[in-house]
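In this text, residue positions in the sequence shown follow our numbering: the first is 15, and each later residue adds one. Even for Gly, the Cβ is constructed at its ideal location relative to N, Cα and C.
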Amino acid sequence: MSVKVIHIFGITGKYGTRYGASLRKTVKKMEITQHSKYTCTFCGKDAVKRTAVGIWKCKGCKKTMAGGAYTVSTTAAATVRSTVRRLRELAEI
């Protein structure tokens, strides 16, 4: 009786040899970022988890916030935030 050895690699091990290595690598990056915990901007705890696409909830302070599909803050949101801050500073002067 031969024993079949199965190696499961990371979070995308569930896909086995299907879909190709480069697609699995891309999906692995997305799944790791969407399932990890993030630091809350309101209370500072490391307790923000994704509840749905673009909806993030902090378990510490119970605040719900909008964000990206896979991460809390996207690069576009950071750009908008810095632009708004710059325009506010110009308006004060």
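In three-state terms, what does DSSP make of residue i?
| i | result |
| --- | --- |
| Arg32 | coil |
| Val62 | strand |
| Thr26 | helix |
| Lys43 | helix |
| Thr89 | helix |
| Thr55 | coil |
Spatial neighbours of residue i within its chain, please: C-beta separation below 6 Å, excluding the five flanking residues on both sides.
| i | result |
| --- | --- |
| Cys72 | Cys54, Ala61, Val62 |
| Cys75 | Phe56, Cys57 |
| Lys77 | Phe56 |
Since residue i and residue j should fall inside the 8 Å C-beta cutoff, what is the C-beta to C-beta distance between them, to a whole number of angstroms?
| i | j | result |
| --- | --- | --- |
| Lys42 | Thr65 | Contact flag wrong, Cβ pair sits at about 22 Å. |
| Tyr52 | Val94 | So it is not a contact: roughly 19 Å between Cβ atoms. |
Less than 7 Å between C-beta atoms, sequence neighbours within five positions excluded: which residues of the same chain meet that for residue i?
| i | result |
| --- | --- |
| Tyr29 | Arg38 |
Find out if the Cβ-Cβ distance for the pair residue i, residue j is shorter than 8 Å.
| i | j | result |
| --- | --- | --- |
| Ala83 | Val67 | yes |
Ignore the nearest five residues each way along the sequence and tell me which others in residue i's own chain have a CB closer than 8 Å to its CB.
| i | result |
| --- | --- |
| Ala80 | Gly68, Ile69, Trp70 |
| Thr40 | none |
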